[in-house]
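Colleague: I have a structure here, written as C-alpha cells, and I will follow up with some questions on it.
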Amino acid sequence: MLPFDFEYYKPASLKEAIDLYQTAAKNRKKPMFISGGTELITLGRINLVHTEAVIDLKDIAECMVMQFEGDYLVIGSTLSLTKIEETNHFPLLTKTASEVADHTSRGKITLGGNICAQIFYRETVLPFLLADSQVVIVGPSGIKVSPINNLFHEQLQLGTGEFLIQVATAKRFVTAPFVSIKRRQQWDTGYPLITVAALKIGEEVRVALSGLCPFPFRSKKVETLLNNREWPIEDRVNSALSELPGPILNDVEGSAEYRLFVLRNLLHDVLEVLGAS
Amino acid sequence: MKSQIIELYVNGDLRTVTVRSADTLLYAIRGKLGLTGAKPGCLNGDCGACTVNVDDWPMKSCLMLAVEAIGKNITTIEGLKKTPIQQAFVDNFAFQCGYCTPGFIMNCHSLIHQHPDADDKTIKEWLGSNICRCTGYAEIEKAVKTVLENQ
Amino acid sequence: MDVIGRSILRKESQDKVTGRARYTHDHHSNTMLSGKVVISPYGHAKIVKIDTIEARNMPGVKAILAGEEFPLTGEDIRDRPPLAVDKVRYHGEAIALVIADTPGQAKKAADRIKVQYELLPVVHSPTQAFQKDAPMVHERLGEYIKEKHTTPVPGTNIATHIKIRKGNMEKGWTESVTTVEADFSFPPSDHVAMETRCSIAEILPDGTIKIMTSSQAPFMVKQLIAKYFNEDIGKIIVETPFVGGAFGGKASVQLEILAYLGSKAVGGLPVKILNSREEDILMSPCHIGLDAKIKFGADHLGIIKVAEIRYLWDSGAYSDKAIDLTRAGAVDCTGPYNIENLWCDSYCMYTNHPYPAPFRGFSHSELSFAIERTMDLLAQKLQIDPLELRYRNAIMKGHTTPTRVLLNQSNVGDLQKCIVRLKELISWDEGQVKEMNNRLVRVKGISCSWKTSTIDPNAPSGVILTFNRDGSINLMSGVIEIGTGTKTVLAQILAERLKMNVDNIHVKMEVDTQTTPEHWKTVASRGIYMAGRALLEAAEDVINQLREIASIVLRAPKEDLEIADSRVFLRDNPLMGLHFQDICYGYQYPNGNSIGGQIIGTGNFIMRHLTHLDPETGAGKPGPEWTVAAYGVEIEFDRRDFTYQLVKAATVVDIGTVLNKKAALGQVMGAMSMGLAFAGRETFYFDQLGRVLNPQLRTYRPLHYGENPEYLVDFVHTPDLEAPYGARGVGEHGLLGMPGALGNALSVAAGVSLHHLPLIPELIWKTKEAKS
C-alpha cells in the first residue's frame with residue numbers, strides 16, 4: 001500500500017520522457033523515472049521513496065533493444081533481468097543477474113533499474129564495469145555516450161532529468177572467460193554477503209565487487225596488485241585486501257571482519273579459476 | 001490523473017476498474033475484482049503468495065502497479081481450470097494451510113509452459129521465488145515433476 | 001482398519017488449489033473500515049507526547065486511539081496495555097490505532113502521528129535481565145492482576161519461576177565420575193505464517209460483538225475479551241475461516257483486541273486490521289529466545305546420574321504465553337532421558353524484546369538444542385557413541401518424569417525403538433564422518449526429543465454430528481483448519497468407526513463460536529487426541545440412536561444390529577436392514593405414521609487427571625502422554641569456508657498409529673524444514689536500541705525451495721491407549737530435534753563446540769577464530 005499518490009505517465013519516446021520530467025519538475029512533483037518500478041513500491045511503502053509523478057520508461061523502443069550492433073552488444077535499460085538471462089548474449093551478465101533477488105522478481109526488475117537502484121548492491125553493473133562498457137544516457141541536453149567507468153562512482157552519475165537508455169559492450173569482453181560468485185549469509189537466498197565478478201582479458205584478471213562496501217566497485221589498484229605475477233597468490237590477495245575502499249559493510253548479513261575472511265577465499269578462487277596462479 | 005479508469009484483461013475477460021496510479025495489481029484484482037486467490041504475504045516481492053501470470057510469465061502482483069498491467073494478459077489462479085498442476089498439488093499433498101498455494105501453482109503453471117523440459121536447476125531457480133511455510137517442499141517438488149514428466 | 005492410515009485427500013483440497021479457500025482478509029465489504037497501528041520505533045522509551053492533530057484532519061479518518069488507558073491484558077499476568085501509554089517496552093509495540101475508510105487513508109494518517117520519546121536503558125537478554133542492577137521492564141510488577149499459580153518477583157524482571165526438585169542432588173554428584181557443563185543461547189525469532197494476522201470486529205446495535213480472526217484460539221478470544229473488558233461472553237461471537245499457517249503464533253490474542261477497541265471507537269462499525277509483514281514480525285508475538293545453563297553428571301557407562309539446569313526464557317516485554325512456555329520447558333527439562341536427581345530453575349524473564357507466542361513445539365525445540373548439545377559433549381568426553389549414549393539413558397515405562405509422573409506402556413512412546421530405527425535409516429554404522437575431498441566432509445549429527453502437551457487441566461473439546469437427508473453426515477468440531485489436515489483426519493476417524501465411506505462425511509471447515517462446539521485451542525498437537533475422543537463419543541451417540549430406531553422398524557433387539565456402509569442391519573442377515581437415509585430424520589411407515597426424529601450426535605472430552613504443579617518441587621501431572629522421537633541431520637561442510645549444505649534430515653517418531661499417511665509425513669517433513677530454518681538461519685538481529693533490524697522476508701529468511709534436504713521419515717507404533725486408534729500427537733515433533741542434530745553435526749564437522757543459534761557460517765568462523 002503506497003501511502004502517497006502520483007501521476008503515472010508512460011511516454012513512447014525519449015523526447016516525450018524528457019519533456020514530461022521537466023514539466024513535472026517545474027510543477028514541483030519530484031518526478032521519478034521508473035522501469036521495473038520495484039523500488040518505487042518496496043521503498044515507497046516504507047516511506048523511503050516519494051514522488052508525485054512517475055514516468056515509466058518501458059514503452060520506449062530504444063530502451064528495449066538487445067542486439068549486436070557492429071562490434072558491440074547493446075542492451076536496453078528496460079529489459080527485465082529474466083529476458084536478458086533467457087537470451088544469454090553475455091554469459092557473465094547472465095550469471096550475475098541470475099543471482100539477483102529471485103526468478104519471479106527478475107521478471108520485473110530491469111537492467112536499468114538495478115544499475116540505478118537505491119538499494120546499494122546493484123549487482124548487474126559489475127559485468128559492465130569489468131567490460132569497460134559504454135553507457136548511453138539521455139537528458140535535457142540530448143543523448144551522450146560515455147565509458148561506464150567514467151560515470152559510475154558508487155552509483156551511476158546521472159544529472160537531473162537524465163536516464164539510462166542502453167549499455168553497449170564490446171564483443172571481445174562478452175565472450176571472455178569469467179567468474180561470478182555470490183556468497184550469502186547462509187544458503188541460497190538473500191542479499192549478497194559478497195558478490196564477486198571477474199573477467200579475464202588476455203592475461204589480466206579484472207575484479208568487481210558488490211556487498212563488500214555500501215556500493216559496488218571495480219578498483220584498478222586492487223586489480224594491479226592481484227595481477228602482479230611476481231608475487232605468490234597469497235601475497236597478491238593480501239596486498240589487494242589492504243587496498244580496499246571503505247567502509248566495509250558491517251550489518252545483519254555479516255560483520256566486516258567476516259566479509260574480509262570470505263573475500264580472501266573468493267579472491268583465491270577467482271585467481272585459481274581464471275588460471276592466473 | 002491520480003485515479004483513473006482502466007481496462008484489465010484478466011482470465012480472458014476485459015474488466016473495467018477504477019484505480020489510483022499507486023495501486024498495485026494485487027490490490028486491484030483482490031479489492032476491485034474480488035479475485036482473492038492471489039494472497040498478500042509481504043507486499044514487498046519477497047514471498048510469492050501473490051504470484052499471477054502476466055503474458056504467461058510469473059509476476060508478483062504486489063510488485064506491479066495496476067496501471068502497468070494495461071494491455072497485458074493476466075491470469076490468476078481463478079483462471080486455471082482443472083489443470084494438471086492443480087490436481088498434482090492435491091494428489092501429492094503439496095499444500096497444508098493453502099495460503100501460498102495459488103502463488104506456487106501460478107509459478108509452476110508458467111514454468112511448465114515456458115520450460116516443459118525444466119531440469120532440477122531450473123525448477124529450483126523458479127520455485128525459489130515462493131515461500132511455503134508448511135511443507136518441507138518435497139511434496140511440491142513431486143507435484144511439479146509429476147506434471148513435467150507426464151507431458 | 002479400512003480408512004485409518006490411508007492417505008485420504010484433504011477435504012478442502014479443491015478450494016485450496018483454485019483460490020476459492022477464503023481466509024480472514026478475503027472477507028471484505030464496502031462498509032468495512034480499516035485500522036492501522038502505529039508502532040514503537042524503539043526497544044525501551046518513555047512516551048513524552050503523542051501528537052495526533054494532523055492525523056485527525058486527514059481525509060477518511062474516523063477515529064484515532066492513543067494515550068488512553070484501557071484495561072491491562074495478558075493471559076497469566078495482566079501486564080500489557082493494548083496500546084502503550086507511559087512507555088514502550090519493545091520495538092514494534094502498538095502505541096496508536098487509526099481507523100479510516102480505506103487502508104490507504106489509514107496508513108497516510110498513521111504516518112502523520114508524531115510521537116516524542118525519551119530513550120530508556122534497554123534490557124537486551126534474559127541473562128542481563130536476571131542481573132541485580134538490570135533496568136526494570138515493569139516497575140509495578142507487584143500490582144498486576146495475576147493467575148494463582150504464577151509467581152512474579154516484584155522488584156526484578158522475573159515474571160515467573162518454576163522449580164523442579166527431584167531426588168537427591170548430592171547423591172547424584174557422588175555417583176558421577178564425570179561432569180559436563182555448558183551454556184547455550186539464542187535470540188527470539190518469528191513464526192512467519194504466510195498469512196499475516198488479520199482481525200475484523202464489529203459491534204451490533206444490540207451489543208453483540210462479532211469478530212472474525214485468523215486465530216488458533218477463537219474460543220480464547222471470546223473468553224479473554226469478555227474477561228478483559230467485562231463484556232457479556234454470550235454476546236461475543238468469534239468466527240475463524242481457513243487460517244494461513246499459525247505454528248503457535250496465532251494462539252495469542254492481540255489483534256482481536258485492537259479491532260474490538262477500534263470498532264468500539266467508531267460506534268460499532270466493522271473494522272479490519274491486517275498486519276503488514278513488518279507489523280506481523282515486530283508487533284505481534286514472536287518465537288521465544290532462551291539462555292540455558294546445563295550441567296550433567298554421569299557414571300563411567302554414561303548413565304546420567306544428576307542434572308542441574310537453568311533456563312532463562314526471553315519473555316520480552318510482556319509475559320502473556322511466556323509463563324506457560326516457561327512451565328512447559330520445566331516439565332520436560334531433561335529431554336527424553338531418565339535422570340533421577342534433578343534440579344531445574346525455569347525463569348520467565350522480561351526483556352525489551354518482542355514478546356513470545358507459543359511456537360510449534362512449545363519450548364521443546366529450544367530446550368532440546370541445549371540438552372542435545374550437552375549430550376554430545378558428554379559422549380565426547382566419555383568416548384561413547386552419541387547414539388549409544390542416548391539409547392542407554394532413554395526414558396521409558398517404569399521411569400518417572402521430572403514432575404514425577406510414572407510412565408507406563410501407554411503414556412510414553414518407545415524411544416529406544418526410535419533410536420534403533422534411526423540408526424538404520426541414516427546408516428549410522430557407516431560412520432559419522434565421511435571425507436569427500438580435502439575441503440568437503442559429510443557429517444551426521446543426531447538428537448532425540450520428547451514432549452507432552454502442557455495444556456489447561458480442564459481444557460474441553462466437543463463435536464456435533466448431524467445428518468443430511470441422503471444419510472451423509474456433517475461433522476462439526478471447534479478445531480481450526482490451520483493446515484494440519486486435522487478435520488480430514490476427524491472424518492477418517494468417523495468413517496472408520498461407522499464403517500462408512502469417508503466421502504459421505506462432510507466437514508465444516510469454518511469455526512464460529514456460537515454454533516460450533518468448543519475446542520479449547522488448536523494447539524499442542526492435541527487436535528486429534530481431544531476432538532477425536534469427543535468425536536468417538538458423538539459417534540457412539542449416533543450409533544445408539546440409529547440402532548434404537550432401527551430396532552423398532554426391524555423388530556429386532558438393538559444388540560443384534562450392526563452398522564456399516566451407511567446402513568443398520570441384522571448381524572446374521574445383512575440384507576435385512578435400513579439405510580441411514582431411511583431413519584436419520586425419523587422413519588415413516590407406508591401409511592404416513594412416523595417415529596423417531598432428526599438424529600443429532602454429540603460428544604465431548606475433557607482431559608483426565610491433569611494437575612497444577614507443586615510450587616516447591618514441580619511435582620504434578622502436566623500433560624496426558626509423551627511422544628518421543630529420534631533425529632539425524634547430514635550436512636556437507638566446507639572446511640575452508642565454513643559453509644554447508646543440508647544433505648539429509650531424518651526423523652523417527654513414535655506416532656502410535658498413523659491416521660493419514662501422507663498427511664502425517666507432511667506434518668513431520670514440514671516441521672523438520674521449519675526446525676532446520678530456525679536452527680540454520682532464522683533469528684532477530686537487534687541493535688543497541690533494541691530495534692529488530694530484519695523485519696522483512698528479504699532479511700528474515702525462511703527456507704526456500706531447494707534449500708531443503710532430502711527427508712527420511714519413519715514411524716514407530718506404540719499405541720497410546722487413551723487416544724483415538726492409539727494415535728499420538730505428531731504436528732510438532734519433526735521440529736524438536738533439528739536444532740540439536742544440526743548443531744551436533746556442525747560441531748563435529750568444524751571441530752568446535754557450537755552453543756548458539758542460528759548456525760550460520762559466520763558463527764562457525766567466529767567460534768573457530770575465538771578458539772585459535
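Chains as they are written, first to last, in the UniProt record's numbering: chain G, 1 to 277; chain R, 1 to 151; chain H, 1 to 772. Beta carbons are placed, not taken as given, at the ideal position from N, Cα and C, and that holds for glycine. Since we're looking at a predicted model, the values are computed, not measured.
#1: What separation, rounded to the nearest whole angstrom, lies between the Cα atoms of Y529/H and G5/H?
#2: At a Cβ threshold of 8 Å, is V67/R touching chain G?
#3: Any beta-carbon of chain R closer than 8 Å to the one on F242/H?
#4: Going by DSSP in three states, A534/H sits in which element: helix, strand or coil?
#5: Tell me, please, whether the region 65-84 of chain H touches the region 118-133 of chain H by the rule of three or more beta-carbon pairs shorter than 8 Å.
#6: Mind checking which residues open and close the beta strand (DSSP E) that includes C213/G?
#7: Determine the closest residue to S29/H out of T24/R, D23/R, T36/R, L26/R, with distance taken between C-alpha atoms.
#8: Taking all protein chains shown into account, decide if L693/H is buried (16 or more other Cβ within 10 angstroms of its Cβ) or exposed.
#9: Taking the alpha carbon of D76/H as the reference point, which residue from G297/H, G577/H, T151/H has its own alpha carbon closest?
#10: Per DSSP, what kind of secondary structure is L151/G in: helix, strand or coil?
#11: Which whole-angstrom value is the C-beta distance of L290/H and H91/H, which I expect to be below 8 Å?
#12: What is the rounded straight-line gap between the Cα of G155/H and the Cα of D456/H?
#13: Does the region 518-526 of chain H come within contact of the region 230-237 of chain H, defined as at least 3 CB pairs closer than 8 Å?
#14: Cα-Cα, which of V266/H, R469/H, D314/H is closest to S125/H?
#15: Distance, Cα to Cα, R442/H vs K434/H?
#16: Do N130/R and C62/R count as a contact pair if the criterion is CB distance below 8 Å?
#17: Where are the beta strand (DSSP E) runs, 3 residues long or more, that stay fully inside the region 461-538 of chain H, in chain order?
#18: Which residues in chain G have a C-beta closer than 9 Å to the C-beta of K2/R? List them in chain order.
#19: Nearest to I34/G by CA position, among L267/G, A97/G, P11/G, is which residue?
#20: Only counting the same chain, and skipping five residues up and downstream in sequence, which positions put a Cβ closer than 6 Å to that of S346/H?
#21: Can a CB atom of chain H be found closer than 8 Å to the CB of G108/R?
#22: Taking Cβ-Cβ distances shorter than 9 Å, what residues in chain H pair up with E78/R?
#23: So within the region 232-279 of chain H, which uninterrupted alpha helix (DSSP H) runs reach at least 4 residues, ignoring any that extend past its ends?
#24: Which one of C132/R, A49/R, V17/R has the shortest CA to CA distance from I31/R?
#25: Who are F33/G's beta bridge partners in DSSP?
#26: Might you give, ordered along the chain, the residues of its own chain that have their beta carbon closer than 6 Å to the beta carbon of G262/H, omitting 5 neighbours on each side?
#27: In three-state DSSP terms, what is T718/H?
#28: For I229/H, name the three-state secondary structure that DSSP assigns.
#29: When you compare each of V100/G, K108/G, T104/G, A176/G to D132/G by their alpha carbons, which one comes out closest?
#30: From R701/H to T683/H, what distance separates their C-alpha atoms?
#31: From what residue to what residue does the alpha helix (DSSP H) around G329/H run?
#32: Whose C-beta lies closer than 8 Å to the C-beta of A664/H among residues of the same chain, with five residues either side of it excluded?
#33: Just to confirm, is the Cβ distance from V542/H to I599/H under 8 Å?
#34: Would you kindly check if the distance between the Cβ of I505/H and the Cβ of L475/H is under 8 Å?
#35: Taking 8 Å as the threshold (beta carbon to beta carbon), is D86/H in contact with chain G?
#36: When DSSP labels each residue in this structure, what does I85/R get in the three-state scheme?
Modeller: With the structure as the only source:
#1: Translated into positions along the third sequence, residue 529/H becomes position 529. Translated into positions along the third sequence, residue 5/H becomes position 5. Rounded to whole angstroms, Y529/H to G5/H spans 16 Å at the Cα level.
#2: Looking up residue 67/R in the second sequence gives position 67. V67/R counts as touching chain G.
#3: Start at 1 with the first residue of the third sequence, and residue 242/H comes out as number 242. F242/H counts as touching chain R.
#4: Residue numbering aside, residue 534/H sits at position 534 when the third sequence is read from its first letter. Helix, per DSSP.
#5: no
#6: Against the first sequence, residue 213/G aligns to sequence position 213. 204-213 is the extent of the beta strand (DSSP E) around C213/G.
#7: Here residue 29/H refers to the residue found at position 29 of the third sequence. Answer by Cα proximity: T36/R.
#8: Against the third sequence, residue 693/H aligns to sequence position 693. Classification for L693/H: exposed.
#9: In the third sequence, counting from the first residue as 1, residue 76/H sits at position 76. Among G297/H, G577/H, T151/H, the Cα nearest to that of D76/H is on T151/H.
#10: Within the first sequence, residue 151/G is the residue found at index 151, counting from 1. DSSP places L151/G in helix when its eight states are reduced to three.
#11: As a position in the third sequence, residue 290/H is number 290, starting the count at 1. As a position in the third sequence, residue 91/H is number 91, starting the count at 1. Contact doesn't hold; Cβ gap of about 20 Å is too wide.
#12: Here residue 155/H refers to the residue found at position 155 when the third sequence is read from its first residue. Here residue 456/H refers to the residue found at position 456 when the third sequence is read from its first residue. Whole-angstrom Cα-Cα distance: 29 Å.
#13: no
#14: Locating residue 125/H in the third sequence gives position 125, counting from the first residue. That would be D314/H, whose Cα lies nearest to the Cα of S125/H.
#15: For the purposes of this step, residue 442/H is identified with residue 442 of the third sequence, where counting begins at 1. For the purposes of this step, residue 434/H is identified with residue 434 of the third sequence, where counting begins at 1. In a straight line, the C-alpha of R442/H is about 5 Å away from that of K434/H.
#16: For the purposes of this step, residue 62/R is taken as residue 62 along the second sequence, with counting starting at 1. For the purposes of this step, residue 130/R is taken as residue 130 along the second sequence, with counting starting at 1. Contact flag unset, no.
#17: 473-477, 505-507
#18: Here residue 2/R corresponds to residue number 2 of the second sequence, with the count starting at 1. Here the neighbours are D5, F6, E7, Y8, E52.
#19: One-based indexing of the first sequence puts residue 34/G at position 34. Measuring from the Cα of I34/G, the nearest candidate turns out to be P11/G.
#20: Start at 1 with the first residue of the third sequence, and residue 346/H comes out as number 346. Within the same chain, S346/H has close Cβ partners I162, Y311, T326, G329, A330.
#21: Along the second sequence, read from residue 1 onward, the residue named residue 108/R stands at position 108. Looking at the sequence provided, one finds Cys at residue 108/R rather than Gly. No, C108/R does not count as interfacial toward chain H.
#22: Your numbering for residue 78/R matches position 78 in the second sequence. Here the neighbours are T18, G19, R20.
#23: 255-265
#24: Start at 1 with the first residue of the second sequence, and residue 31/R comes out as number 31. Note that residue 31/R is Gly in the sequence shown, not Ile. Of C132/R, A49/R, V17/R, the residue nearest in Cα terms is V17/R.
#25: Reading the first sequence from its first residue, position 33 is the one you call residue 33/G. Per DSSP, I55/G.
#26: Start at 1 with the first residue of the third sequence, and residue 262/H comes out as number 262. These residues qualify, in order along the chain: G35, L97, I99, V271.
#27: Here residue 718/H corresponds to residue number 718 of the third sequence, with the count starting at 1. Three-state DSSP puts T718/H in coil, outside helix and strand.
#28: Against the third sequence, residue 229/H aligns to sequence position 229. A small fix is needed here, since residue 229/H is Phe in this sequence, not Ile. In the structure shown, F229/H sits in a helix (DSSP, three-state: H, G or I).
#29: Position 132 of the first sequence, counting from 1, holds the residue named residue 132/G. Checking every option, the nearest Cα to that of D132/G belongs to A176/G.
#30: Taking the third sequence and counting its residues from 1, one reaches residue 701/H at position 701. Taking the third sequence and counting its residues from 1, one reaches residue 683/H at position 683. C-alpha separation (whole angstroms): 9 Å.
#31: Against the third sequence, residue 329/H aligns to sequence position 329. Start and end: 322-331.
#32: By 1-based counting over the third sequence, the position of residue 664/H is 664. These residues qualify, in order along the chain: I655, V658, F715, V730.
#33: Reading the third sequence from its first residue, position 542 is the one you call residue 542/H. Reading the third sequence from its first residue, position 599 is the one you call residue 599/H. Yes. Within cutoff.
#34: The residue you call residue 475/H lines up with position 475 of the third sequence. The residue you call residue 505/H lines up with position 505 of the third sequence. For L475/H and I505/H, yes; Cβs fall inside 8 Å.
#35: If you number the third sequence from 1, residue 86/H lands on position 86. With 8 Å as the cut-off, D86/H does not count as an interface residue toward chain G.
#36: The residue given as residue 85/R occupies position 85 in the second sequence. In the structure shown, I85/R sits in a helix (DSSP, three-state: H, G or I).
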